[in-house]
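Asker: By UniProt numbering, the letter at position 20 of the sequence shown is numbered 20, and the numbering carries on one by one without gaps.
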Amino acid sequence: MLNRRILRVKAFQNLYAYELCKASNFNLAKDQIKVAFLPDLNSMETQDKVQLKKDAEICTSLFSTNLNSKTLISQQDVSTKIKSEAIKAINAYHKANDKDYDFLLKNMISSAELIPQLYLNSIQLLIAFAEHVEKEAERKRKLSTEQVVSASGELNFAKNVILKKLKSLPEFETAIIRHDALLDDLELEIKDWFRQYVKPSEQYQEYIKIAQPSREDDFNILESILKKIIFKNEVILNFFSEKDMNWTENKSVVRSLAGKVVKNVYEQLEEGAELLPEIAMNWEDDKEFFQNIFNLTIENEDLNKELIAKKTQNWDIERIAFTDKIIMSMAITEMKNFPSIPVKVSINEYIDISKTYSTPKSKQFVNGLLDVLSKEMMENGEIKKSGRGLLDNK
């Protein structure tokens, strides 16, 4: 399902960001230790720089080996200061991680919640361009009959059957209102964008020369404007980026959803079907999945890392691509904690993510490892499927 794929990608992006934050917080905590053991320039006593450096190294080692311990475990006797600074560094590390986690979780949810508005905005732009064409034709019609002839070709866009069908759908109107996707305050910009970018385009000029555009012609011009103008022109893209601080990550998702809605309407018109396309994400149904895949992957990080390490004994776990480790950890988490999702679906979804976000060889590596791990976990009962998930795994 496209919705879940989008949510997996968003969760992956934020898990990746969280891992980068943890690495940064780890280094900042180590720097905190170094500062704590620098010579005190204001002290009247002699500073043993060699011993201070050694103490800093012991403290850093103590910090690194006790990150997740409730009590400090050391292989040697250490001073009270070393213990104290190690505890301070550990606390600072976890406090920073907690702060980053809270921010990323909130940002992940708000970013996903904005996606329906953004792709509905892009479809609304198409409709607004068509309405502008119709208004211009009416204006010219009032001026003179001679100009009506020259304007008649442009009415092709105003009469676009896909846009007319979209506007007639109650679900579409409801989605626009629900996600606050109206463009009432962009009238001047729409006129300007149409005049500067849409009307002069080669595809549009060819389209208005067609005497009676087919449904395919109507679909092709919409697809062209979406891909080559709305999601490519820097001026129009600025409109989206000003609304969404995560636009760089969301752009491809928004473009895909807008194209999917237009294609659905086109295909259903071709088939004469009455079924309506999926207009907006059912966020309430997917929100729990979205949060759980993020939270459970973090909670089970060490366990998943251990499972991966056992199956990659010829590889140093630290040498495996950073993105691959996150992708595989998410996949393991999903297979073990979401009984209604078939194993095959989970594996295929994360292979697809690896194609886009990881190395050229990641697809085969991720596929092979997850296939072996899934079979082993099903045999030992770690993966238990129910409902459709059980049926699809037989």
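C-beta: ideal position from N, C-alpha, C; glycine also.
Mind reading off the beta-carbon distance from L72 to L62? Whole number of angstroms is fine, and I expect it under 8 Å.
Answerer: Yes, L72 and L62 are in contact; Cβ-Cβ is about 6 Å, under 8 Å.
Asker: Are the beta-carbon atoms of I190 and F157 separated by less than 9 Å?
Answerer: no
Asker: Is N14 closer than 9 Å to N107 when the C-beta atoms are compared?
Answerer: yes
Asker: Of the choices V343, A321, M330, whose alpha-carbon is the least far from that of K361?
Answerer: A321
Asker: Kindly give me the distance between the Cβ atoms of L307 and L373, rounded to whole angstroms, as I take these residues to be in contact under 8 Å.
Answerer: Right, their Cβ atoms sit about 6 Å apart.
Asker: Determine whether the beta carbon atoms of N121 and L67 lie at a separation below 9 Å.
Answerer: no
Asker: Locate the alpha helix (DSSP H) running through K132, then write down its first and last residues.
Answerer: According to the sequence shown, residue 132 is His rather than Lys. Taken as a continuous stretch (DSSP letters only), the alpha helix (DSSP H) holding H132 covers 80-143.
Asker: State whether the region 100-118 contacts the region 10-27, with contact taken as three or more CB pairs (one from each stretch) at a distance under 8 Å.
Answerer: yes
Asker: I'd like to check one pair, Y266 with I229: are the Cβ atoms closer than 9 Å?
Answerer: no
Asker: What residue does the alpha helix (DSSP H) around A321 start on, and which one ends it?
Answerer: Element bounds for A321: n/a, residue is neither H nor E.
Asker: Measuring from the CB of T71, is there a heavy atom of the ligand SAH at a distance below 8 Å?
Answerer: For the structure depicted, the ligand SAH is absent and the ligand set is empty, with no information on it obtainable.
Asker: Comparing C-alpha positions only, which one of Y16, L38, I90, K70 sits nearest to D55?
Answerer: L38
Asker: Pull up the distance between the alpha-carbon of L257 and that of N233, whole angstroms please.
Answerer: 18 Å
Asker: Can the beta-carbon of L20 be found less than 9 Å from the beta-carbon of K165?
Answerer: no
Asker: Pull up the CB-CB distance for T323 and Y357, whole angstroms please, since I reckon it's below 8 Å.
Answerer: 5 Å
Asker: Going by the CB atoms, is the gap between N264 and D218 shorter than 9 Å?
Answerer: D218 is not a Cβ neighbour of N264, given a cutoff of 9 Å.
Asker: How would you call E85, buried or exposed, if buried means at least 16 neighbouring beta carbons within 10 angstroms?
Answerer: buried
Asker: Please classify T248 as buried or exposed, where buried requires at least 16 neighbouring CB atoms within 10 angstroms.
Answerer: exposed
Asker: Spatial neighbours of K167 within its chain, please: CB distance less than 7 Å, with the 5 preceding and 5 following residues excluded, ordered by chain position.
Answerer: I127
Asker: Which value, in whole angstroms, describes the spacing of the CA atoms of Y18 and R5?
Answerer: 20 Å
Asker: Among T359, K355, K336, whose alpha-carbon lies nearest the alpha-carbon of N380?
Answerer: K336
Asker: In terms of residue numbering, what span does the alpha helix (DSSP H) encompassing P170 cover?
Answerer: In the DSSP assignment, P170 falls within the alpha helix (DSSP H) that extends over 170-178.
Asker: Answer yes or no: do K384 and P342 have a C-beta to C-beta separation smaller than 9 Å?
Answerer: no
Asker: Going by beta carbon distance, what residues of the same chain come within less than 7 Å of K22, once the five residues before and after it are set aside?
Answerer: Contacts found: N97.
Asker: Just how far apart, CA to CA, sit D244 and E138?
Answerer: 36 Å
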